[in-house]
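Report on the following structure.
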Amino acid sequence: MAFVVSPVLYPSSGSVRFPRRCSAHCARATNRESATQRQEPAEPAEPRKKRAPWTDAQLASLPRRLWPQRGLEDLHVILRRRILLLQAVCGYRANTDSQLLAYFAVQQWRKRNPTREPERVLELGSGNGLVSILLAKTWLQAHVTLVELQESLAQRGQRNLELNGVANHRAVTIQADIAEWESSVDVQGRMPMYDIVLTNPPFYALGGVSGRHPPIGLSDEKRVAHFESSAGLTDFLRAMAGAMSHHSLGFVIQSIDERARLLDCIALVNDLRVVCVQRVFHSRMSVRATRVLVMVTLRSPDAGEPGSEGEREETPPIYLHDHPQDIRYDDAHELWLRDLPGPPWPLEFAQDALASS
Numbered sequence: 007m008a009f010v011v012s013p014v015l016y017p018s019s020g021s022v023r024f025p026r027r028c029s030a031h032c033a034r035a036t037n038r039e040s041a042t043q044r045q046e047p048a049e050p051a052e053p054r055k056k057r058a059p060w061t062d063a064q065l066a067s068l069p070r071r072l073w074p075q076r077g078l079e080d081l082h083v084i085l086r087r088r089i090l091l092l093q094a095v096c097g098y099r100a101n102t103d104s105q106l107l108a109y110f111a112v113q114q115w116r117k118r119n120p121t122r123e124p125e126r127v128l129e130l131g132s133g134n135g136l137v138s139i140l141l142a143k144t145w146l147q148a149h150v151t152l153v154e155l156q157e158s159l160a161q162r163g164q165r166n167l168e169l170n171g172v173a174n175h176r177a178v179t180i181q182a183d184i185a186e187w188e189s190s191v192d193v194q195g196r197m198p199m200y201d202i203v204l205t206n207p208p209f210y211a212l213g214g215v216s217g218r219h220p221p222i223g224l225s226d227e228k229r230v231a232h233f234e235s236s237a238g239l240t241d242f243l244r245a246m247a248g249a250m251s252h253h254s255l256g257f258v259i260q261s262i263d264e265r266a267r268l269l270d271c272i273a274l275v276n277d278l279r280v281v282c283v284q285r286v287f288h289s290r291m292s293v294r295a296t297r298v299l300v301m302v303t304l305r306s307p308d309a310g311e312p313g314s315e316g317e318r319e320e321t322p323p324i325y326l327h328d329h330p331q332d333i334r335y336d337d338a339h340e341l342w343l344r345d346l347p348g349p350p351w352p353l354e355f356a357q358d359a360l361a362s363s
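Under my numbering, the first residue of the sequence shown is numbered 7, with each subsequent residue one higher.
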């Protein structure tokens with residue numbers, strides 16, 4: 007297990023554009039193969055406007071290790087101009103799932119703990135860090151730990167923490183394999199417990215129920231993020247259970263196509279019980295859900311057979327938008343985003359964006 011530090015990178019300029027695909031020089035799958043890729047809801051960022059690349063003058067207030075690497079990374083201002091995010095041009099890129107998982111956790115925690123904020127948050131499979139950044143900006147005193155398998159994503163995630171002012175003593179990224187990882191033991195030899203544990207695990211088991219296989223041309227970073235490798239879904243859930251106390255809440259997001267497999271895997275982890283299941287639709291016009299959100303807790307020590315304790319709460323679905331072309335969310339969702347603190351850097355682009363939001 008290695009703690010990831012921010013690497014020194016070559017300075018360059020990036021783009022605020024948040025494209026849904028790699029640029030033309032990236033390898034692409036065939037149309038038939040592309041159809042098997044993970045289907046994403048529409049990007050919940052600002053209106054997609056193509057802008058000029060950042061200039062060195064605009065980036066001058068940033069430490070150079072936080073500048074996007076030329077030709078390899080983009081720098082984006084997203085989610086009502088509250089988040090700065092470095093992303094790979096041709097690797098793994100955040101989508102609506104990260105925002106949904108964070109929002110679900112915030113709403114469910116506040117519903118059950120109206121007078122208390124979480125002190126410790128753990129994200130398993132943290133990607134570029136967006137989920138943890140959103141939670142760290144929501145709860146300004148919380149300590150956040152991110153665990154990520156891929157070195158490139160772990161390093162980028164740590165830089166994104168710093169870009170958003172939540173690094174140093176309050177948030178740290180650990181590069182580790184969930185299949186082998188156990189949260190670090192304290193000096194008394196006890197496992198630390200977390201108030202909130204979240205995961206957006208790889209959606210697909212190779213050759214599993216979905217019958218999906220990585221498309222030809224898919225980057226290694228995307229492949230490992232989207233398809234199970236050393237750790238399967240049950241490994242993520244066991245790691246989640248191992249980091250929870252009986253007062254903790256665990257949160258998972260999955261493709262709606264994998265809903266049954268997710269619930270079956272939770273049932274295999276005897277320590278966990280499902281408390282809440284919520285489907286996600288892109289808009290009120292959508293006829294089919296795209297994602298499922300699940301909240302779990304630890305079973306009470308005196309509970310009976312797995313799954314017998316308590317009633318499962320089927321909450322009303324989440325509709326991201328009223329209409330397919332909308333970019334606005336419901337009032338509670340918008341208020342959550344607007345209340346997040348903005349970027350900590352006096353960058354020209356960030357100040358202009360915040361002034362106009």
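We treat Cβ as the ideally placed atom computed from N, Cα and C, and that holds for glycine.
Problem set entry | Residue from D277, E186, S104 whose Cα sits closest to the Cα of D241 | As a working note, residue 241 is residue 235 in the sequence shown. Out of D277, E186, S104, E186 has the C-alpha closest to the C-alpha of D241.
Exercise. So is M246 buried or exposed if we call it buried at 16+ other beta carbons inside 10 Å?
Worked result: Start at 1 with the first residue of the sequence shown, and residue 246 comes out as number 240. So M246 counts as buried.
Exercise. Can the beta-carbon of S104 be found closer than 8 Å to that of V137?
Worked result: Locating residue 104 in the sequence shown gives position 98, where the first residue counts as 1. Locating residue 137 in the sequence shown gives position 131, where the first residue counts as 1. Contact: yes.
Exercise. Can you list, in chain order, the residues of its chain whose CB lies under 8 Å from that of R318, leaving out five sequence neighbours each side?
Worked result: In the sequence shown, residue 318 corresponds to position 312, counting from 1. V280, V281, C282, V283.
Problem set entry | Rounded straight-line distance, which links the Cα of M301 to that of T151 | What you label residue 151 is simply residue 145 of the sequence shown in a count that begins at 1. What you label residue 301 is simply residue 295 of the sequence shown in a count that begins at 1. Those two C-alpha atoms are separated by around 19 Å.
For this session: Would you kindly check if the distance between the Cβ of V258 and the Cβ of L269 is under 8 Å?
Result: Taking the first residue of the sequence shown as position 1, residue 269 is located at position 263. Taking the first residue of the sequence shown as position 1, residue 258 is located at position 252. No. Outside cutoff.
Problem set entry | Closest Cα partner of T144 within the set L304, L343, W351, R86 | To locate residue 144, count along the sequence shown from 1; it is residue 138. Residue L343 is the option with its Cα nearest to T144.
Problem set entry | H339 in three-state terms, based on DSSP | The count along the sequence shown starts at 1 and reaches residue 339 at position 333. In the three-state DSSP reduction, H339 falls in the helix class (H, G or I).
Problem set entry | Residue nearest to Q113 in terms of C-alpha spacing, selected from A338, P349, W351 | Here residue 113 refers to the residue found at position 107 of the sequence shown. The shortest Cα separation from Q113 among A338, P349, W351 belongs to A338.
Exercise. Alpha carbon to alpha carbon, what distance is there between R116 and P322?
Worked result: Sequence index remark: in the sequence shown, residue 322 carries index 316 (1-based). Sequence index remark: in the sequence shown, residue 116 carries index 110 (1-based). In a straight line, the C-alpha of P322 is about 17 Å away from that of R116.
Exercise. For Y109, which three-state DSSP category applies?
Worked result: The residue given as residue 109 occupies position 103 in the sequence shown. Judged by DSSP in its simplified three-state form, Y109 adopts helix.
For this session: Can you tell me the Cβ-Cβ gap for S289 and Y325, rounded? I've got them flagged as a contact below 8 Å.
Result: Here residue 289 refers to the residue found at position 283 when the sequence shown is read from its first residue. Here residue 325 refers to the residue found at position 319 when the sequence shown is read from its first residue. Contact holds; Cβ gap of about 6 Å.
For this session: Helix, strand or coil for Q93, going by three-state DSSP, please let me know.
Result: Position 87 of the sequence shown, counting from 1, holds the residue named residue 93. It is a strand residue.
Problem set entry | Buried versus exposed call for D345 [16 or more other C-beta atoms within 10 Å across all chains shown] | The residue given as residue 345 occupies position 339 in the sequence shown. Exposed: under 16 other Cβ atoms inside 10 Å.
Problem set entry | Between the CA atoms of T296 and E46 - distance to the nearest angstrom | For the purposes of this step, residue 46 is identified with residue 40 of the sequence shown, where counting begins at 1. For the purposes of this step, residue 296 is identified with residue 290 of the sequence shown, where counting begins at 1. Because the pLDDT at E46 is just 43, under 50, the model does not fix this residue reliably, and the value given afterwards should be weighed accordingly. Taking the straight line joining both Cα atoms gives about 8 Å.
Problem set entry | Simplified DSSP assignment, three categories, for A63 | Mapped onto the sequence shown, residue 63 falls at position 57. In the structure shown, A63 sits in a helix (DSSP, three-state: H, G or I).
Problem set entry | Spatially closest choice to A94 from A173, Q161, E129, by CA coordinates | Within the sequence shown, the letter at position 88 stands for residue 94. Ranking the options by Cα distance to A94, first place goes to Q161.
Exercise. DSSP state of Q164, grouped into three classes?
Worked result: The residue given as residue 164 occupies position 158 in the sequence shown. Residue state, collapsed to three classes: helix.
For this session: From the DSSP output, in three-state form, read off I262 for me.
Result: Within the sequence shown, residue 262 is the residue found at index 256, counting from 1. It is helical.
Exercise. If we ignore side chains and look at the alpha-carbon of each, how far apart do E315 and I184 end up?
Worked result: Within the sequence shown, residue 315 is the residue found at index 309, counting from 1. Within the sequence shown, residue 184 is the residue found at index 178, counting from 1. Caution applies to E315, whose pLDDT of 47 falls short of 50 and renders its modelled position unreliable; the value that the coordinates give is listed next. Rounded to whole angstroms, E315 to I184 spans 28 Å at the Cα level.
For this session: Please name the residue in A108, W351, P120 whose C-alpha comes closest to that of P127.
Result: As a position in the sequence shown, residue 127 is number 121, starting the count at 1. The sequence as given places Val at residue 127; Pro does not occur at that position. The candidate whose alpha carbon is nearest that of V127 is A108.
Exercise. Within 10 angstroms of its Cβ, does G256 collect 16 or more other Cβ (buried), or is it exposed?
Worked result: The residue you call residue 256 lines up with position 250 of the sequence shown. With 16 or more other Cβ atoms inside 10 Å of its own Cβ, G256 counts as buried.
For this session: Identify which residue in T179, H252, I202, P330 has its Cα closest to the Cα of S306.
Result: If you number the sequence shown from 1, residue 306 lands on position 300. Nearest C-alpha to S306: H252.
For this session: Give the single residue among R244, G131, Q147, S261 whose Cα lies nearest to the Cα of L274.
Result: Position 268 of the sequence shown, counting from 1, holds the residue named residue 274. It is R244 whose Cα lies nearest to the Cα of L274.
Problem set entry | For R165 and I180, the rounded distance between their alpha carbons | As a position in the sequence shown, residue 180 is number 174, starting the count at 1. As a position in the sequence shown, residue 165 is number 159, starting the count at 1. Between I180 and R165, the C-alpha separation is close to 13 Å.
Problem set entry | Nearest neighbour of G133, chosen from C271, E123, L155 [CA to CA] | Against the sequence shown, residue 133 aligns to sequence position 127. It is L155.
Problem set entry | E123 burial status per 10 Å Cβ neighbour count (16 or more: buried) | Counting from one through the sequence shown, the residue named residue 123 turns up at place 117. By the 10 Å Cβ count, E123 comes out exposed.
For this session: Check each candidate in D201, L239, V293 and name the one with the smallest Cα separation from P207.
Result: As a first step, residue 207 is located in the sequence shown; it is residue number 201 there, counting from the start. Taking only the C-alpha atoms, the option nearest P207 is L239.
For this session: Flag this pair as yes or no: are the beta carbons of R87 and G348 separated by less than 8 Å?
Result: Here residue 87 corresponds to residue number 81 of the sequence shown, with the count starting at 1. Here residue 348 corresponds to residue number 342 of the sequence shown, with the count starting at 1. It is a contact, given that the beta carbons lie within the stated cut-off.
Exercise. With C-beta atoms as the reference, is L130 less than 8 Å away from V178?
Worked result: Position 124 of the sequence shown, counted from the first residue, corresponds to residue 130. Position 172 of the sequence shown, counted from the first residue, corresponds to residue 178. Their beta carbons are not under 8 Å apart, which means L130 does not touch V178 by this criterion.
Exercise. Buried or exposed: E168, going by 16 or more other Cβ atoms within 10 Å of its Cβ?
Worked result: By one-based count along the sequence shown, residue 168 stands at place 162. With 16 or more Cβ atoms within 10 Å of its Cβ, E168 is classed as buried.
Exercise. When you compare only the Cα positions, how much space is there between V286 and A237?
Worked result: Translated into the one-based positions of the sequence shown, residue 286 becomes position 280. Translated into the one-based positions of the sequence shown, residue 237 becomes position 231. The alpha-carbon atoms of V286 and A237 are separated by roughly 26 Å.
Exercise. Buried or exposed: H329, going by 16 or more other Cβ atoms within 10 Å of its Cβ?
Worked result: Counting from 1 along the sequence shown, the entry for residue 329 is found at position 323. By the neighbour-count rule (16 or more Cβ atoms within 10 Å), H329 is not buried but exposed.
Exercise. Which residue comes first and which comes last in the alpha helix (DSSP H) that contains D241?
Worked result: Within the sequence shown, numbered from 1, the residue matching residue 241 stands at position 235. Segment 239 to 248, the alpha helix (DSSP H) holding D241.
For this session: Determine the DSSP secondary structure at T151, reduced to helix, strand or coil.
Result: The residue labelled residue 151 in the question sits at position 145 within the sequence shown. Strand at T151.
Exercise. Out of curiosity, what's the CA-to-CA distance linking E125 and Y200?
Worked result: As a working note, residue 125 is residue 119 in the sequence shown. As a working note, residue 200 is residue 194 in the sequence shown. Using only the alpha carbons, I get a separation of about 8 Å.
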